[in-house]
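Engineer:
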Amino acid sequence: MFEFDNVQDFICKSLIGKVLVKVGDTELYEKIENAWHDPATNSIVVYSESSQTFIYNSSFVVVPAVIEIDWESLINSTKRPVQFGIYGGVLYTVEEFHDMVECGAFIPSDGFGVPSNGKYEMYVMNSTLKVLAACKYSKTVTHISWYNN
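Using numbering that gives the first Met the number 0, you'd call the opening residue of the sequence shown number 0 and step up by one each time.
1. For N147, count neighbouring Cβ atoms within 10 angstroms of its own Cβ and tell me buried if that reaches 16, exposed if not.
2. Once DSSP output is grouped into helix, strand and coil, what is the label at S144?
3. Alpha carbon to alpha carbon, what distance is there between K30 and Y86?
4. Should A133 go down as buried or exposed, given a rule of 16 or more other Cβ atoms within 10 Å for buried?
5. Please work out which residues of its chain come closer than 7 Å, Cβ to Cβ, to V22, disregarding the five sequence neighbours upstream and downstream, and give them in chain order.
6. Please give me, in chain order, every unbroken run of the beta strand (DSSP E) with length at least 3 that falls completely inside the segment 2–80.
7. Short check: CB of V100 to CB of L131, under 9 Å?
8. To the nearest angstrom, how far is it from the Cα of W196 to the Cα of M124?
9. Consult DSSP for V123 and reduce its assignment to one of helix, strand or coil.
10. First and last residue of the beta strand (DSSP E) that includes F111?
11. Tell whether a beta-carbon distance below 9 Å holds between T139 and I68.
12. Does the beta-carbon distance from A39 to L14 come in below 9 Å?
13. Ordered along the chain, which non-local residues of its own chain (more than five positions away) have a Cβ less than 8 Å from that of E94?
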């Protein structure tokens with residue numbers, strides 16, 4: 000059972016564990032460790048390991064996780080990524096994939112996706128549709144390889 004004092008308390012607690020990608024035009028890419036509502040300023044105060052951020056009348060982006068892959072290191076390691084196209088699949092840009100997840104074109108039972116740089120793809124554990132859609136904010140993942148069930 001979960002108990003909340005008010006709607007703001009619910010919203011703040013639901014942010015914990017997610018990644019604050021940006022506030023306004025400022026990129027942060029920080030995992031949220033705690034958040035609370037400041038009634039004096041009507042802002043949300045977000046704490047990460049390295050900072051405290053006040054969100055007040057600003058747009059902000061929060062995602063479940065951000066996948067970053069060091070493709071060069073993987074290509075030269077024993078855990079090599081697979082070249083795209085070997086197993087079929089459809090290659091989407093992260094923007095296209097994000098938009099399709101947002102509009103409901105993909106649902107979890109449709110299949111599965113794999114992060115890609117357009118040439119290689121790498122299976123990542125626990126990469127749900129929402130996490131894959133959040134690759135729109137990744138600095139290293141440019142595409143999603145989609146495999147229908």
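Beta carbons: idealized from backbone N, C-alpha and C, even for Gly.
Structural biologist: From the atom records:
1. The residue given as residue 147 occupies position 148 in the sequence shown. Exposed, because fewer than 16 other Cβ atoms sit within 10 Å of the Cβ of N147.
2. Here residue 144 is taken as the residue at index 145 of the sequence shown, counted from 1. Looking at S144 - three-state DSSP - the assignment turns out to be strand.
3. Locating residue 86 in the sequence shown gives position 87, counting from the first residue. Locating residue 30 in the sequence shown gives position 31, counting from the first residue. One Cα belongs to Y86, the other to K30, and the distance between them is close to 34 Å.
4. If you number the sequence shown from 1, residue 133 lands on position 134. Residue environment: A133 is assigned as buried (16 or more neighbouring CB atoms within 10 Å of its CB, all protein chains considered).
5. As a position in the sequence shown, residue 22 is number 23, starting the count at 1. Hits under 7 Å: T52, I54, S57 and F59.
6. Runs of the beta strand (DSSP E) lying entirely within the segment 2–80 and spanning at least 3 residues, in chain order: 18–22, 25–30, 33–37, 42–46, 51–54 and 59–62.
7. As a first step, residue 100 is located in the sequence shown; it is residue number 101 there, counting from the start. As a first step, residue 131 is located in the sequence shown; it is residue number 132 there, counting from the start. Contact: yes.
8. Residue 196 lies beyond the stretch modelled for the chain, which goes from 0 to 148, so this question has no answer here.
9. For the purposes of this step, residue 123 is identified with residue 124 of the sequence shown, where counting begins at 1. Judged by DSSP in its simplified three-state form, V123 adopts coil rather than helix or strand.
10. Here residue 111 refers to the residue found at position 112 when the sequence shown is read from its first residue. That run of the beta strand (DSSP E) goes G110 to S115.
11. As a first step, residue 139 is located in the sequence shown; it is residue number 140 there, counting from the start. As a first step, residue 68 is located in the sequence shown; it is residue number 69 there, counting from the start. Yes.
12. Counting from one through the sequence shown, the residue named residue 39 turns up at place 40. Counting from one through the sequence shown, the residue named residue 14 turns up at place 15. L14 sits away from A39, with the two beta carbons spaced by 9 Å or more.
13. For the purposes of this step, residue 94 is taken as the residue at position 95 of the sequence shown. The answer, listed in chain order, is K135.
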